[in-house]
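Numbering (UniProt numbering), first residue to last: 1 to 928.
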């Protein structure tokens, strides 16, 4: 469906305004969460014990923090680690039969051979006595003390703990026996309150290392209670709980109220109406283990009761540099604002991002983004909505005025831009941004983005008097000689502004994922959570479709669209934690391989066209792919391999680049206007086949011996690029071998595609179908079978390990099937989804940024700005996430020509400086 123009809407809302709104929202929520921290001290232990909600039917989510699901192995590892620290694992439970449930459940959770139901003590006398469990090698002692009421015997036990060694964790609970024995009398409630007051006073003198909890009484299910317990009502239970909270809130005894909330949501599991079911009690134990163990084991998905990691020298140094740039940017902005205020007296407005001087004496129509929506290289948009004012373009502080009459035709030419014809502005957008940098031979179609050059802006004037004023105000200089490198080299002010914005963005990254300011929650998978957003985005993608002027197979708009919808699926996959579902996991593996396939296809096509394959191009592409990742490694204190896909794509691009650069190099094609594509020398096909065979042999050599693989990749100095925080190479081995052939598949497909073009077997220069008749139907059936066959494999594959073993050999089948289905029909090939294409252009930024400002805890959780409202939270964090990704994309394009100049010697010089800095960091971190 072709949508009508949205110029009127863009006047009031565009991405620049969206970024301003996002910045304001971030500031508001920084203040909001700061207030929350002032109220509860930001204590995640308090939040763990106080409140939460259910995710789905029976998965408990604490308020504002992540809870780790402890297995038996995790539990024993915790106890073993505490014992290694020469500390005792002593946990005591004091109370009635409800508290005894906790004791039994914890014993089953920790012990190697947990007691079965048949081995538990039976009979009334056995149940109403103290119970003990010990494991000396773990210095573990679990005790249950039978006390139905808080009386003098309980107080005496606390006094004994003062004299001896106090437990590390004590859980008290009582109340039902008061109600049952005294028939809910008011005097019993007074005695209960008085006894709890004495308990709080005695517990105050326990050592600080002891955590003391009071578990509120769970509600009951009246219709299932025995007759002699029928007078135990939820109204009375609430009165007793309220009394306990009033007494204990100001004391050192922590009120465990989240247990009551869990019980309220699972009353149907109360078999006798009073005692919680197995699932409910297991949730209680998980809370206790998170309270006790998280600070020792530091699980990534367990932020409750877990202290944040400290700052490193590298982080501090990086922040000092970025904060300095941010301060300079703020000063420059203030200076420009003051200059604009002074110019207002002359009737002019300064547009700082594009350095345009605008006459303010125009109609009240204001400004719009322009009919074509051009955006300057700094990412801003500033164009007139009407005639009646003058625009003066400038570069590096030089102003020049252009003459124009006031006719409407010439006024419509205002703010015309000419794309810079330089590879510096290669739109390596997307995870495989540079996969599209090849050109169709006849149409001269670039699959790379050319950012507008400010020196190429067309100028227009619509008022002679205004022109005279501007001419007097800005003395023009004679035009400089043409110099391509000078045209694309940004000014120092532009560089400082970009770095300043980057510093503020990195500060937001750090606040989100390296401090406790913002909350975090666990991921939650359900079929609805996964498929609903994908279906919704698919509907939007189909709605926002439009025609394209390209007709080639895998043209620029199509590859942007492909990368866009794949990136959105991957984002939903990560947000919902869908890797636990094998069919979904396998299909996402295909998407990752498709990105590498596009890398091989795009870069081989670029080399086949005979264009420059020098060091400048290599550095530009590597900069685009790695700039944000390297910066986050420094700021967030994570290894390069943590952002696994960027190292994977960078490695395989380097391998392909070296393969193509090694002699014999491909010869430039001969131009021939009578053919669909330029005629490549026949020897190029031989060279390509030899190179592909050599590359396949190289990959196979490494795959056949994992030992040899490890020896090569753990060599210094590049070891740091391939190991994780734990100095482990196996994660890199797993991802390397899983997609070891994907880039080669893409390059082979590009070679076959070029051969089919050159020898007249394929004509994709028109808008018609690639093949017609019965062959078209057969091709469609085969392509559908290729795509569907992998779905069948994913559905019936036995284990993830088995599926991963066959994945590298068959992944090309569904990819080829999709390419045929997408390109066979001319009507489909000449239309694309602008919605998906937009996401595809910034897919690299989306993939990397999600780690810290959309997800949380290094992707193990979800960032929470709006607590207790998950849908509103996802919408808000997604809005900020998209704005940040778009801004980083623009900043990278601004900084690219500065860090990687067109001059090869300057590019090598900057690369040498970067390697020297990395060497210093490596020496500091002990790599050498």
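Each residue gets a CB set at the ideal place from its N, CA and C atoms; glycine is no exception.
message: Between which residues of its own chain and residue 725 is the CB-CB distance below 6 Å, once the five residues before and five after are set aside?
response: Counting from one through the chain shown, the residue named residue 725 turns up at place 725. Taken in chain order, the residues that qualify are 639.
message: Going by DSSP, what residue range makes up the alpha helix (DSSP H) through residue 515?
response: Locating residue 515 in the chain shown gives position 515, counting from the first residue. Segment: none, residue 515 is in no alpha helix (DSSP H) and carries neither H nor E.
message: Looking only at its chain, what residues have a beta carbon closer than 6 Å to the beta carbon of residue 768, apart from the 5 residues adjacent to it on each side?
response: In the chain shown, the residue the question calls residue 768 occupies position 768. The residues are 826.
message: Going by DSSP in three states, residue 521 sits in which element: helix, strand or coil?
response: If you number the chain shown from 1, residue 521 lands on position 521. Strand, per DSSP.
field: DSSP-derived helix/strand/coil call for residue 404
entry: Sequence index remark: in the chain shown, residue 404 carries index 404 (1-based). With a pLDDT of 39 at residue 404, under the threshold of 50, the modelled position of this residue cannot be trusted; read the value that follows with caution. DSSP places residue 404 in coil when its eight states are reduced to three.
query: Can you name the start and end residues of the beta strand (DSSP E) that residue 169 belongs to?
result: As a first step, residue 169 is located in the chain shown; it is residue number 169 there, counting from the start. Start and end: 169-173.
- prompt: Since residue 560 contacts residue 841 with CB under 8 Å, what's their CB separation in whole angstroms?
  reply: Along the chain shown, one-based indexing puts residue 560 at 560. Along the chain shown, one-based indexing puts residue 841 at 841. Rounded, the Cβ-Cβ distance is 6 Å, consistent with contact.
message: Please state the DSSP three-state secondary structure of residue 807.
response: The count along the chain shown starts at 1 and reaches residue 807 at position 807. Residue 807: helix per DSSP, three-state reduction.
- request: Return the chain-ordered ranges of every beta strand (DSSP E) run that is complete within the stretch 281-342 and spans a minimum of 3 residues.
  value: none
Distance, residue 766 Cα to residue 774 Cα: On the chain shown, position 774 is the one that residue 774 refers to. On the chain shown, position 766 is the one that residue 766 refers to. If you take the alpha carbons of residue 774 and residue 766, they lie about 20 Å apart.
- request: May I have the straight-line CA-CA distance separating residue 578 from residue 572, to the nearest angstrom?
  value: What you label residue 578 is simply residue 578 of the chain shown in a count that begins at 1. What you label residue 572 is simply residue 572 of the chain shown in a count that begins at 1. C-alpha separation (whole angstroms): 8 Å.
- prompt: Quick one: what does DSSP say residue 211 is sitting in, helix, strand or coil?
  reply: Along the chain shown, one-based indexing puts residue 211 at 211. Strand.
- prompt: Any idea if residue 641 is buried or exposed, counting beta-carbon neighbours within 10 angstroms, 16 or more meaning buried?
  reply: Counted from its first residue, the chain shown places residue 641 at position 641. Label assigned to residue 641: buried.
query: So what's residue 779 in DSSP terms, helix, strand or just coil?
result: Here residue 779 is taken as the residue at index 779 of the chain shown, counted from 1. If DSSP states are grouped into helix, strand and coil, residue 779 belongs with the helices.
- request: Compute the beta-carbon to beta-carbon distance between residue 217 and residue 240, rounded to the nearest angstrom, for a pair I have assumed lies under 8 Å.
  value: Working through the chain shown from its first residue, we reach residue 217 at position 217. Working through the chain shown from its first residue, we reach residue 240 at position 240. At roughly 6 Å, the Cβ-Cβ gap stays under 8 Å, so residue 217 and residue 240 are in contact.
field: Chain-order list of residues whose beta-carbon lies under 7 Å from that of residue 813 (same chain, five-residue window excluded)
entry: For this step, residue 813 is matched to residue 813 along the chain shown. Once the five neighbours on either side are set aside, the close Cβ partners of residue 813 are 786, 789 and 790.
field: Minimum C-alpha distance to residue 149 - residue among 169, 135, 160 and 178
entry: Counting from one through the chain shown, the residue named residue 149 turns up at place 149. Checked all of 169, 135, 160 and 178; the closest Cα to residue 149 is 178.
field: Spatial neighbours of residue 883 in its chain, beta-carbon cut-off 7 Å, leaving aside the 5 residues before and after
entry: Taking the first residue of the chain shown as 1, we reach residue 883 at position 883. Answer for residue 883: 18, 19 and 22, listed in chain order.
- request: Note down, in chain order, each residue of its chain lying with its Cβ closer than 7 Å to the Cβ of residue 931, except the 5 sequence neighbours on either side.
  value: Not covered by the structure: residue 931. The range shown for the chain is 1 to 928.
task: Just the C-alpha distance for residue 104 and residue 799, rounded to the nearest angstrom, thanks.
output: If you number the chain shown from 1, residue 104 lands on position 104. If you number the chain shown from 1, residue 799 lands on position 799. The alpha-carbon atoms of residue 104 and residue 799 are separated by roughly 35 Å.
query: Can you tell me whether DSSP reads residue 725 as helix, strand or coil?
result: Taking the first residue of the chain shown as position 1, residue 725 is located at position 725. In this structure, residue 725 counts as coil in the three-state DSSP scheme.
task: Taking residue 538 as the reference, give the member of 833, 698, 524 and 305 with the closest Cα.
output: Residue mapping note: residue 538 aligns to position 538 of the chain shown, counting from 1. Checked all of 833, 698, 524 and 305; the closest Cα to residue 538 is 833.
task: Assign residue 616 to one of three DSSP states: helix, strand, or coil.
output: Along the chain shown, read from residue 1 onward, the residue named residue 616 stands at position 616. Helix, per DSSP.
task: On the DSSP bridge assignment, give the partners of residue 254 in chain order.
output: One-based indexing of the chain shown puts residue 254 at position 254. Answer by DSSP bridge pairing, in chain order: 213.
- request: Report the option in 828, 556 and 197 whose CA atom is closest to the CA atom of residue 151.
  value: Indexing the chain shown from 1 puts residue 151 at position 151. Measuring from the Cα of residue 151, the nearest candidate turns out to be 197.
message: Taking 8 Å as the cut-off, does the stretch 863-872 touch the stretch 586-598 (at least 3 CB pairs, one atom from each stretch)?
response: no
query: If you run the structure through DSSP and keep just helix, strand and coil, what is residue 132?
result: The residue labelled residue 132 in the question sits at position 132 within the chain shown. Strand at residue 132.
message: Closer than 8 Å is the cut-off here; do at least three beta carbon pairs connect the stretch 199-211 with the stretch 150-169?
response: yes
- prompt: Is residue 684 helix, strand or coil by DSSP?
  reply: Residue mapping note: residue 684 aligns to position 684 of the chain shown, counting from 1. In the structure shown, residue 684 sits in a helix (DSSP, three-state: H, G or I).
message: Going by beta-carbon coordinates alone, are residue 167 and residue 92 separated by less than 7 Å?
response: What you label residue 167 is simply residue 167 of the chain shown in a count that begins at 1. What you label residue 92 is simply residue 92 of the chain shown in a count that begins at 1. It is a contact, given that the beta carbons lie within the stated cut-off.
Beta-bridge pairing of residue 155 - partner residues as DSSP gives them: One-based indexing of the chain shown puts residue 155 at position 155. None; residue 155 has no bridge partner.
query: Given residue 614, which residues of its chain have a CB within under 8 Å of its CB, disregarding the five upstream and five downstream residues?
result: On the chain shown, residue 614 is found 614 positions in, with the first residue counted as 1. Cβ neighbours of residue 614 beyond the five flanking positions: 904.
- request: Flag this pair as yes or no: are the beta carbons of residue 715 and residue 687 separated by less than 7 Å?
  value: Indexing the chain shown from 1 puts residue 715 at position 715. Indexing the chain shown from 1 puts residue 687 at position 687. Going by C-beta atoms, residue 715 is not nearer than 7 Å to residue 687.
- prompt: Thinking C-alpha only, which one of 35, 881 and 859 is nearest residue 302?
  reply: Along the chain shown, read from residue 1 onward, the residue named residue 302 stands at position 302. Closest option to residue 302, Cα to Cα, is 859.
- prompt: Taking C-alpha atoms, which residue in 133, 94, 113 and 128 lies nearest to residue 161?
  reply: Reading the chain shown from its first residue, position 161 is the one you call residue 161. The shortest Cα separation from residue 161 among 133, 94, 113 and 128 belongs to 94.
- prompt: Which value, in whole angstroms, describes the spacing of the CA atoms of residue 565 and residue 831?
  reply: Indexing the chain shown from 1 puts residue 565 at position 565. Indexing the chain shown from 1 puts residue 831 at position 831. Rounded to the nearest angstrom, the two C-alpha atoms are 15 Å apart.
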